[in-house]
Amino acid sequence: FSKEEIEEGIFLKEKKIVSRLFGQEEELFDTGELSIPGPHNLENVLAACGALMLLGVEKGTIRQSLREFKGLKHRLELVEDVKGVRFINDSKATNVGATLRALEAVPGHILLIAGGQDKGSSLSPLKKVIREKVEALILMGQAKERFARELTGLSNIYLVSGLREAVNKAYSLAWPGWTVLLSPACASFDMFKDYQERGETFKKMVKELKGEKRE
Numbered sequence: 003f004s005k006e007e008i009e010e011g012i013f014l015k016e017k018k019i020v021s022r023l024f025g026q027e028e029e030l031f032d033t034g035e036l037s038i039p040g041p042h043n044l045e046n047v048l049a050a051c052g053a054l055m056l057l058g059v060e061k062g063t064i065r066q067s068l069r070e071f072k073g074l075k076h077r078l079e080l081v082e083d084v085k086g087v088r089f090i091n092d093s094k095a096t097n098v099g100a101t102l103r104a105l106e107a108v109p110g111h112i113l114l115i116a117g118g119q120d121k122g123s124s125l126s127p128l129k130k131v132i133r134e135k136v137e138a139l140i141l142m143g144q145a146k147e148r149f150a151r152e153l154t155g156l157s158n159i160y161l162v163s164g165l166r167e168a169v170n171k172a173y174s175l176a177w178p179g180w181t182v183l184l185s186p187a188c189a190s191f192d193m194f195k196d197y198q199e200r201g202e203t204f205k206k207m208v209k210e211l212k213g214e215k216r217e
């Protein structure tokens, strides 16, 4: 597979996934229909399409699976669209590098929920993308004061007491078309058993928003 056109295989052409196998060429899927953001996820999709085609899986089945796939749990996982606001769970991002990749992958205006048990890593790699894409930083946990100091001046900053307050604050700030991204750049152990519990708690809170009236 390749993100560039190749003589034979699965490749990307004008934002379409194309199959060119055994002398036949066919458009498989429009990448605009994918729920999962980021170039690394696109590479995974191309690889999966190639494997499924070689295994003889029906093209219609492949298309339907791609439309429904929301990503791996806690890794840029699309949770819900609540009144036009997308919520993405990237609780697995327990370090700065993972959060950087998430911010680069998610398009448009972002409200970033970050913080937790501080690993002491430099936040410098995040500064450029925060300045360019993040409308507000909602910071929680042990690391929130240091994060606020090191990232001051790059975006609006809100310090909160925990995840529920973070979710509510982000939702109150969001406009339709914006994304609320949980990508902590920290371990979870100051507030949760592990990153899975943090992610599941986030998803539960987001789903509860769907039934509430927005102020």
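In our numbering, the protein residues as written are 3 to 217.
Ideal Cβ positions, reconstructed from N, Cα and C, are used throughout, including at glycine.
Secondary structure of residue i, DSSP reduced to three states
{"i": "Met142", "result": "strand"}
{"i": "Val126", "result": "Just to set this straight, residue 126 is Ser in the shown sequence, not Val. The answer is helix: DSSP assigns Ser126 an H, G or I state."}
{"i": "Asn97", "result": "coil"}
{"i": "Ser37", "result": "coil"}
{"i": "Ser4", "result": "strand"}
{"i": "Glu79", "result": "strand"}
{"i": "Leu44", "result": "helix"}
{"i": "Glu10", "result": "coil"}
{"i": "Gly52", "result": "helix"}
{"i": "Glu60", "result": "coil"}
{"i": "Leu74", "result": "coil"}
{"i": "Val1", "result": "Since the first residue of the chain shown is 3 and the last is 217, residue 1 is not available in this structure."}
Anticipated Cβ contact below 8 Å, residue i with residue j, distance rounded
{"i": "Arg22", "j": "Gly34", "result": "With 8 Å as the limit, Arg22 and Gly34 do not qualify as a contact, their Cβ atoms being about 21 Å apart."}
{"i": "Leu141", "j": "Phe149", "result": "5 Å"}
{"i": "Pro178", "j": "Ser93", "result": "Wrong, their Cβ atoms sit about 24 Å apart, outside the cutoff."}
{"i": "Leu30", "j": "Arg65", "result": "7 Å"}
{"i": "Asp120", "j": "Cys188", "result": "6 Å"}
{"i": "Leu183", "j": "Ile115", "result": "7 Å"}
{"i": "Trp180", "j": "Val84", "result": "With a Cβ gap of about 11 Å, Trp180 and Val84 do not count as contacting."}
{"i": "Gly143", "j": "Gly122", "result": "Contact flag wrong, Cβ pair sits at about 14 Å."}
{"i": "Leu105", "j": "Lys135", "result": "6 Å"}
Residues that residue i bridges to, as DSSP identifies them
{"i": "Lys15", "result": "Lys18"}
{"i": "Arg88", "result": "Asp83 and Thr181"}
{"i": "Asp32", "result": "Lys18"}
{"i": "Gln66", "result": "Paired residue(s): none; Gln66 is not in a bridge."}
{"i": "Glu27", "result": "Arg22"}
Buried versus exposed, by CB contacts within 10 Å (16 or more), residue i
{"i": "Leu113", "result": "buried"}
{"i": "Thr101", "result": "buried"}
{"i": "Leu57", "result": "exposed"}
{"i": "Ser4", "result": "exposed"}
{"i": "Gly62", "result": "exposed"}
{"i": "Arg200", "result": "buried"}
{"i": "Lys195", "result": "exposed"}
{"i": "Arg151", "result": "exposed"}
{"i": "Leu165", "result": "buried"}
Heavy atom of the ligand HEM within 7 Å of residue i beta-carbon
{"i": "Ile159", "result": "With respect to the ligand HEM, the structure shown offers nothing to examine, as it has no ligands at all."}
* Asked: What are the complete alpha helix (DSSP H) segments, minimum 4 residues, inside the segment 139-210?
  -> List check, alpha helix (DSSP H) in window: 146-152 and 165-175.
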